[in-house]
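Using this note's numbering, the first residue of the sequence shown is number 2, and each one after it goes up by one.
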Amino acid sequence: MENFLNTLIEFGTEYGLKIIGAIIILIVGRIVAGWARKLVVRLLEKRDVDKAIVGFLRGMVYWLIIIFTWIAVLGKFGVETASLVAVLGMAGFAVGFALQGSLSNFAAGIMLLIFRPYKIGDYVDIVGTSGTVVDQGLFVTTMHTPDNVQIIVPNGKIFGETIKNFSANDLRRVDLVFGIGYGDSIDKAIEVMKGVVEADSRVLKDPALQIAVSELADSSVNFVVRPWVKKEDYWAVKFDLTEAVKKAFDDKGVEIPFPQVVMHKGE
Numbered sequence: 002m003e004n005f006l007n008t009l010i011e012f013g014t015e016y017g018l019k020i021i022g023a024i025i026i027l028i029v030g031r032i033v034a035g036w037a038r039k040l041v042v043r044l045l046e047k048r049d050v051d052k053a054i055v056g057f058l059r060g061m062v063y064w065l066i067i068i069f070t071w072i073a074v075l076g077k078f079g080v081e082t083a084s085l086v087a088v089l090g091m092a093g094f095a096v097g098f099a100l101q102g103s104l105s106n107f108a109a110g111i112m113l114l115i116f117r118p119y120k121i122g123d124y125v126d127i128v129g130t131s132g133t134v135v136d137q138g139l140f141v142t143t144m145h146t147p148d149n150v151q152i153i154v155p156n157g158k159i160f161g162e163t164i165k166n167f168s169a170n171d172l173r174r175v176d177l178v179f180g181i182g183y184g185d186s187i188d189k190a191i192e193v194m195k196g197v198v199e200a201d202s203r204v205l206k207d208p209a210l211q212i213a214v215s216e217l218a219d220s221s222v223n224f225v226v227r228p229w230v231k232k233e234d235y236w237a238v239k240f241d242l243t244e245a246v247k248k249a250f251d252d253k254g255v256e257i258p259f260p261q262v263v264m265h266k267g268e
C-alpha cells in the first residue's frame, strides 16, 4: 500500500501540472477555434460570399486551430512535435501532388465564388460554350445550353479565361442589319424601320434608338438598327423586329435584295 501511495505521489508530482496545463490548452484552443469560426462567418457574410465557401472556410479554420491545439498538448508531455509537424506537412504535400488537378479546380472554384463573375441563372459564354448557369460548385460549373444540353466545365478551365456575362447588365442593345436595293429611297427605308421599332413597347426610349447606313455592299445598301431593351426581352425583340421590318418593307414596296446572276445571250 505504501509503495502504491508513493508511486501515485510521484506520478502526480511529475505529470499533475502537465495534465492541468494540457487541459487549460485544450479549453483555450476550443474557445479560440469557436471564436475564429464565428469571426470567419461574420466577415464572409458581410461580403455576401457564397454559402458553400463560407461553410468550407469555417470548418477549415476551426479544425486547423484544433489540430495545432493537440500538437501543443502533445508537446507538454515531451512528444517531439517538430517531427510530427514535418510528417503532417509531407503527408499534405503528397496528397496535394496526387490531387493537383482537383485542387486546381477547387482553388479556382473558391476564387469564382469570391469574385462572382457570374451567378446561377446568368446566361454566359465561357471557354467557347454559351449557356445558362444552373449550378456553381467548388470544383465544376454546370450550364444548360439553349437547346437544353447539359455542359459541365471544370472551374480550373474557367478561371483566368475570358468570361462573357450576358445577364450582368439590366439593359442590352439589339443589333440588327437590314439591306435595301440601290434603287430604293434611303429616307423611306429609315422611316419604315423607325416606325416599326418605335411601335414596339418593349423598346426603350433611353438610350436612344440608332438607325444608320453602315455599308454600301455589292448588291445592297445596308443599315444598322440598334434599339435598347431590357435583358429579358432581348431575344423576343430581336426575332419580332426582324419579322416586322421584313413585312413592313413588303407593304411599303421597299426591296430587300438577294444575290442573283444576270446572264446575257450573245449575239
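Quick reminder that beta carbons are idealized off the backbone N, C-alpha and C, glycines included.
| Item | Value |
| --- | --- |
| Nearest-angstrom Cα separation, counted from Thr-142 out to Val-198 | 38 Å |
| Beta-carbon gap between Arg-173 and Tyr-124 smaller than 7 Å | no |
| Where Phe-259 sits in the DSSP three-state scheme | coil |
| Nearest neighbour of Asn-156, chosen from Asp-136, Ala-200, Ser-186 [CA to CA] | Asp-136 |
| 8 Å contact criterion, which Val-255 and Asp-185 should meet: CB distance rounded | 5 Å |
| Beta-carbon contacts of Gln-101 that lie in its chain and below 6 Å, excluding the five residues immediately before and after | In this prediction, Gln-101 scores a pLDDT of 48, lower than 50, which makes its location untrustworthy; the coordinate-derived value is nonetheless stated afterwards. Counting only Cβ-Cβ distances below 6 Å, and skipping sequence neighbours, we find nothing. |
| Check whether Ala-73 and Ile-26 have beta carbons under 7 Å apart | yes |
| Asp-252: first and last residue of the uninterrupted alpha helix (DSSP H) it sits in | 235-253 |
| Within 7 Å, strictly: CB atoms of Leu-271 and Phe-69 | What the structure shows of the chain is the stretch from 2 to 268, and residue 271 is not part of that stretch, so it cannot be assessed. |
| Coarse secondary structure for Tyr-124, derived from DSSP in three states | strand |
| Cα-Cα separation between Tyr-183 and Ser-221, rounded to whole angstroms | 6 Å |
| Inter-residue Cα distance where the pair is Phe-250 and Leu-45 | 57 Å |
| Beta strand (DSSP E) segment containing Asn-166, residue limits | 164-166 |
| Which of helix, strand or coil DSSP assigns to Gly-129 | coil |
| Environment of Ala-34 [buried if 16+ CB atoms lie within 10 Å] | buried |
| Rounded distance between the beta-carbons of Val-128 and Val-154, thought under 8 Å | 6 Å |
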